[in-house]
Every structure is written in structure tokens, then in C-alpha cells.
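Visitor: Mapped onto our numbering, the consecutive letters of the sequence shown carry residue numbers 9 to 471.
Provided herewith is a single structure, encoded as C-alpha cells, for subsequent inquiry.
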Amino acid sequence: MKRRTLRFIEKGSGTKVPFLARFTTKQIIIFALLAVAAISGVIAYLLYVRTFGNAAQIVLTAHDSPGYEWEQIASENNIISSYLWGRTKKLMLNHDGEDVMIPTYYKIAGRLVTQPAEGSQVYDLSDQAWLLDCYVEAGDAVAARNLKNRVVSRFHSDSGMYLSFTGNNVTNEQKGIKTTEDNIAWLEAYLRYYCAYGTSRDYEEIKKLIAAIFDETGAVRPEHLDVARYVDSLYYRMTNPKGADPDGNSSLDEAYGINSEEGQGTGEGASVNLKQVVGVKLSNVRLSLIYDLEKNGLIAQGAYDRALKLVKDAKDGDGVPFYAYAYEKAENGINYIYSGSRAGTVDVGDSIMVMANLARVKELDIESYNELKNMLVNERRIMSSYYIVTGNYGGGEAYKQYSYVMELAYDMEDRDLYRAACNSVGTRVATRSSSPAIYMIFRESNGRFTFFASDNLGVRKAV
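What follows is the structure, encoded as C-alpha cells:
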């Protein structure tokens with residue numbers, strides 16, 4: 009018997025034939041392609057192990073998005089999610105040399121030559137969280153990854169907390185600010201991104217952020233907060249000061265300033281009527297987030313039960329239907345602070361966020377829920393202040409809160425409340441076919457139409 013080698017095969021005549029000659033050209037090409045694929049697979053696997061191998065699994069509680077019937081309610085009020093999302097990206101991205109992040113607002117051109125279109129050139133961390141959430145929900149992995157990388161590079165600080173603002177027009181007061189509210193919003197979005205596309209680097213970044221926000225017991229770390237200072241004031245002793253409205257609310261307005269659109273005190277002397285405390289805003293106690301972090305072993309056991317009790321105890325027992333603005337730890341326990349920007353009032357916007365947090369975990373009390381529903385149905389808009397003494401509403405409109413009310417209504421399975429919120433938002437949807445912002449949500453001031461990222465992205469997520 010003839011001996012075979014790896015390179016040659018002997019025929020009966022004794023002629024040696026090359027090994028590859030036994031195969032056709034097509035077979036050789038197929039073998040070569042399979043070999044390349046196998047090598048590529050090994051390389052890809054090694055890269056995957058290096059990138060994802062150490063990434064721990066995080067399981068978040070699933071929350072269904074509103075279905076067809078809810079979308080129909082929104083569409084009846086000109087809120088069409090896909091159009092809103094597409095137009096927001098087209099109008100608000102790629103301005104001022106920034107191709108990834110979204111500015112806080114964008115103004116379309118006015119009627120006058122001196123009113124050109126302009127972006128804020130200020131980028132808010134919470135707005136980027138809204139945007140990241142929308143990308144993840146839309147399954148746009150490339151855009152989500154680019155945004156996440158840009159935020160990490162532009163907002164990150166050595167403390168582990170992220171800056172709240174960046175951009176060319178950031179004011180001196182905004183520079184260096186790192187609020188818990190913005191960081192929690194980013195953490196929630198970052199976790200959802202991680203579950204879809206995250207790497208081991210993202211996991212380590214998330215753990216650092218969690219450690220910066222929560223203490224060793226799983227409680228939200230306190231921060232410096234400006235709250236209303238109760239002072240002796242001439243206006244409190246005047247039952248009907250000059251120019252006051254018959255309902256008596258003007259005395260409080262004059263002493264503490266008329267609320268702006270965001271519900272902050274803006275009147276003369278408003279800053280001197282504030283004091284600073286070290287505490288935690290109740291709206292920052294995100295119960296569903298705390299539940300998921302505890303479930304995944306990222307914060308201490310028992311954190312959720314402690315947080316739930318803390319929030320539920322924050323409802324005033326003297327007939328005030330809303331929740332406290334913040335709490336601080338005192339020698340005798342927990343001290344709840346009910347007035348944020350102005351004395352004698354409850355900040356309705358912040359209380360709505362607390363209520364939305366409770367509704368998400370099915371713990372919202374019926375009294376607060378009914379008060380919110382009656383207020384929106386009767387007033388047809390969300391007012392920023394509730395006067396504790398009179399039980400009346402005042403201040404500016406709390407624009408940011410409509411998306412939270414829509415989510416709250418969905419969690420409570422209340423289509424009537426959802427419809428009322430959509431109706432209020434729908435009055436500010438651009439419907440003119442020639443408008444560059446058609447289907448987007450605007451605010452009007454001094455004849456200019458302004459489109460805020462928080463309004464449009466928040467409602468997009470709630471539909």
C-alpha cells in the first residue's frame with residue numbers, strides 16, 4: 009500500500025497529485041469562506057467577551073406603553089407620537105455645531121427680520137435623559153450610543169455626579185450645578201440603555217452614579233435646597249392690600265413673587281424670602297427605580313420599604329391634598345417641608361411628580377388623585393401653586409407636568425384624566441401645514457413660538 013502525505017496522493021501509476029487538485033474551485037472557495045467566517049467568529053467572540061463579558065445582568069420592571077385606545081385619545085387632540093418624534097428630531101437636533109444632544113428649547117423664526125430662528129445653546133441633562141429614553145424605545149442603537157457617549161464626556165464630573173448643564177450659553181449660576189433631580193433622570197435612562205445595549209464600562213459608570221446618588225442604606229443623599237422662609241410680613245397682616253384680588257391671593261404674590269412658567273418665585277425680594285436647608289426633594293424618591301435597584305442588589309435591602317413609608321407619610325394631615333416638597337432629617341426624626349419656592353403654598357408640579365411615582369407602584373392615595381383630576385378638569389390646565397390657607401390655585405402654568413399626568417392617568421387606568429391632559433396639551437400643538445414645527449408642542453411668549461425639549465420628549469414618551 010502506498011504511503012499518503014498531507015501534500016500529495018500517489019496514483020496507481022506512481023504519479024503524485026497535489027492535495028488541492030482533488031477539489032473543485034467552487035469547493036476551495038467555500039472552504040476558504042468558512043475558514044474566514046470561523047476566524048472572524050473567534051475574533052468577534054473575543055471582542056464580545058472583552059467588552060460585555062464582565063457586564064452584570066440588570067432586570068428592570070416592565071411597564072407597558074399605552075396601546076391603541078390611548079393613542080387614539082391623544083390623536084384626537086393632534087398628539088401623534090410618530091410625527092411628534094420625527095419633527096422634534098428634525099427641528100431641534102443639529103444646531104449650533106452640536107450634532108447629538110438636544111438644546112433646552114428652540115425658537116422658530118418670528119415675523120420680524122430681527123427674530124431669526126435660534127436654539128438655546130444650553131443642554132440640560134434631564135433633556136438628554138428624555139432623548140436617550142426615546143432612542144432606546146425606538147430601537148435606534150447607533151443614535152442612543154452616540155448620545156450616551158457624548159453625555160458621559162460632556163457632563164461627567166470627578167464627584168461621580170453629572171453636571172446639570174453644559175453649552176455656550178450656560179449662565180454663571182448654572183455652571184457647576186449638579187442636582188439630584190437631573191442625575192436621577194439620567195440614571196433611569198442609562199439603566200434602560202444598559203439593558204438594551206450596555207457594556208461592562210457602562211455597568212461600572214452606572215455603579216459610580218448610584219453610589220453618588222444613594223447612601224449605604226439606599227436612601228437618596230441630601231443636597232442643598234432653597235425653600236420658603238416664613239417671615240413676619242406686612243402683607244400677611246393686610247387683609248386687602250392695595251391692588252389685591254378679591255380672593256386674597258395677591259398678598260402672598262406680592263410678598264413672595266409671582267410664579268414663572270416653571271413655578272419659581274420671581275418677584276422682587278423673592279431670593280431673600282428663601283432659606284437653604286440640607287434635605288431631599290420628595291419627587292426625587294423614585295420608588296420604581298429604588299425597587300429595581302434593590303432587586304438587582306445595587307442598593308441596600310429594605311430601601312424600597314423605607315422609601316415608600318417616607319413618601320406616604322409626606323402627605324399633610326390637615327386637609328391639604330398634596331405631598332410635601334422635601335424633607336430633612338432632624339433630631340426628633342423627619343421634618344417635612346411643604347412650601348418650596350413660596351411660603352404658604354404647595355408646589356403642585358413637584359407634588360404631581362411624587363404622585364406619579366406612587367401611581368407607578370400602585371400606591372397613590374385616592375384623595376390626592378381626585379384633587380388632581382378635579383383641578384385639571386375644572387381649571388383645564390395645571391397651575392403651579394396651591395394656597396394652603398385658601399385652597400385656591402395660582403401662579404403660572406406647570407408645563408412640564410402634563411407628561412407626568414398622562415403617565416399617572418395610564419397607570420391609574422383613567423382614560424378621562426388622560427383625555428383631559430391631552431386636551432390641555434393639544435391646544436399647544438402646531439397644526440398649520442406650513443409650519444416647520446407642525447405636530448410639535450409650543451409655548452408662546454411675546455409673540456414668539458418656543459419649543460421645549462422637555463415638553464415634546466416628555467409627551468412623546470407618554471403616548
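Where a beta carbon is used, it is the ideal one built from N, C-alpha and C, also for glycine.
All values derive from a computational prediction rather than experimental measurement.
Please work out which residues of its chain come closer than 6 Å, Cβ to Cβ, to Asp-223, disregarding the five sequence neighbours upstream and downstream, and give them in chain order.
Guide: Answer for Asp-223: Arg-229, listed in chain order.
Visitor: Please name the residue or residues paired with Asp-234 in a DSSP beta bridge.
Guide: Answer by DSSP bridge pairing, in chain order: Gln-284.
Visitor: Can you tell me where the alpha helix (DSSP H) with Asp-355 in it begins and where it stops?
Guide: Run containing Asp-355: none in the alpha helix (DSSP H); it sits in the beta strand (DSSP E), 353 to 355.
Visitor: In angstroms with no decimal places, state the Cα-to-Cα distance between Ser-411 and Tyr-333.
Guide: Each residue's alpha carbon lies about 19 Å from the other.
Visitor: Heavy atom of the ligand MN less than 7 Å from the Cβ of Leu-155, yes or no?
Guide: Summarising the ligand content, the structure contains no ligands, and the ligand MN is consequently not present.
Visitor: Could you give the distance in angstroms between the alpha-carbon of Ala-125 and the alpha-carbon of Pro-444?
Guide: Computed Cα separation, rounded: 11 Å.
Visitor: Taking its Cβ as the centre, do 16 or more other Cβ atoms sit within 10 Å of Gln-495, making it buried, or is it exposed?
Guide: Missing from the structure shown is residue 495; the chain here goes from 9 to 471 and no further.
Visitor: Less than 8 Å between C-beta atoms, sequence neighbours within five positions excluded: which residues of the same chain meet that for Tyr-91?
Guide: For Tyr-91, where only same-chain residues beyond five positions count, the Cβ hits under 8 Å are Ile-446 and Tyr-447.
Visitor: So does the stretch 79 to 96 actually touch the stretch 302 to 321, counting three or more Cβ pairs closer than 8 Å?
Guide: Contact fails: fewer than three Cβ-Cβ distances are below 8 Å.
Visitor: Quick check on Tyr-377: buried or exposed, where buried means 16 or more other Cβ atoms within 10 Å of its Cβ?
Guide: That one is buried.
Visitor: Can you list, in chain order, the residues of its chain with a C-beta nearer than 6 Å to that of Ala-193? Leave out the 5 residues immediately preceding and following it.
Guide: The answer, listed in chain order, is Ser-134 and Ala-137.
Visitor: Using the beta-carbon count (16 or more within 10 Å), is Cys-430 buried or exposed?
Guide: With 16 or more Cβ atoms within 10 Å of its Cβ, Cys-430 is classed as buried.
Visitor: Beta-carbon within less than 7 Å of Ala-219's beta-carbon, same chain only, minus the 5 sequence neighbours each way: which residues are those?
Guide: If we look at Ala-219 and ignore the five residues flanking it on each side, its Cβ neighbours are Gly-168.
Visitor: Determine, using beta-carbon pairs with one atom in the stretch 362 to 382 and one in the stretch 334 to 349, whether at least three such pairs fall under 8 Å.
Guide: No, they do not touch.
Visitor: Only counting the same chain, and skipping five residues up and downstream in sequence, which positions put a Cβ closer than 6 Å to that of Ser-291?
Guide: Only Asp-358, Met-361 and Val-362 meet the Cβ criterion.
Visitor: Around the Cβ of Leu-372, are there at least 16 other Cβ atoms within 10 angstroms (buried) or fewer (exposed)?
Guide: Buried: at least 16 other Cβ atoms inside 10 Å.
Visitor: Should the stretch 92 to 100 be regarded as contacting the stretch 453 to 469, the criterion being three or more beta carbon pairs within less than 8 Å?
Guide: Because the criterion of three Cβ pairs below 8 Å is met, the stretch 92 to 100 and the stretch 453 to 469 touch.
Visitor: Rounded to whole angstroms, what's the CA-CA distance from Thr-435 to Ile-87? Just pull it up for me.
Guide: If I take the Cα positions, the gap works out to 10 Å.
Visitor: Express the C-alpha separation of Gln-123 and Glu-189 in angstroms, rounding to a whole number.
Guide: Taking the straight line from one Cα to the other gives about 33 Å.
Visitor: Where Tyr-264 and Arg-294 are concerned, what is the direct C-alpha to C-alpha distance, given to the nearest angstrom?
Guide: Only weak support is given to the placement of Tyr-264: the predicted model assigns it a pLDDT of 36, under 50, and the value that follows is read from those uncertain coordinates. Going by the C-alpha atoms only, they are around 30 Å apart.
Visitor: DSSP has Tyr-335 in a bridge; who is on the other side?
Guide: Beta-bridge pairing links Tyr-335 to Val-288 and Tyr-344.
Visitor: Leaving aside the five residues before and after Ala-367 along the sequence, list all residues of the same chain whose C-beta is less than 7 Å from its C-beta, in chain order.
Guide: For Ala-367, where only same-chain residues beyond five positions count, the Cβ hits under 7 Å are Leu-416, Asp-419 and Met-420.
Visitor: Going by DSSP in three states, Arg-200 sits in which element: helix, strand or coil?
Guide: It is helical.
Visitor: Any chance you could list the alpha helix (DSSP H) runs of at least 4 consecutive residues sitting entirely within the stretch 118 to 146, in chain order?
Guide: Counting only runs of 4 or more, we get 133 to 146.
Visitor: Would Val-144 pass as a contact of Ala-70 if the rule is Cβ separation under 8 Å?
Guide: In this structure, Ala-70 does not lie closer than 8 Å to Val-144 by Cβ.
Visitor: Less than 8 Å separating the beta-carbons of Leu-140 and Met-109?
Guide: No; because the gap between Cβ atoms is not below 8 Å, this pair is not in contact.
Visitor: Going by other Cβ atoms of all chains shown within 10 Å of its Cβ, with 16 needed for buried, is Gly-327 buried or exposed?
Guide: Result: exposed.
Visitor: How about Gly-175 and Val-235: do their beta carbons lie closer than 8 Å?
Guide: Against a cut-off of 8 Å, the Cβ pair of Val-235 and Gly-175 comes out as no contact.
Visitor: Tell me the DSSP secondary structure of Lys-370 in three-state form.
Guide: Looking at Lys-370 - three-state DSSP - the assignment turns out to be coil, as it is neither helix nor strand.
Visitor: Out of Ile-307, Tyr-346 and Lys-303, point me to the one whose CA is closest to Lys-323's CA.
Guide: When each option's Cα is compared against that of Lys-323, the closest is Tyr-346.
Visitor: Which residue or residues does DSSP assign as beta-bridge partners of Lys-323?
Guide: DSSP lists Tyr-331 as partners of Lys-323.
Visitor: Do the CB positions of Ala-461 and Met-100 come within less than 8 Å of each other?
Guide: Yes. Within cutoff.
Visitor: Pick helix, strand or coil for Ile-298, following the three-state DSSP scheme.
Guide: It is helical.
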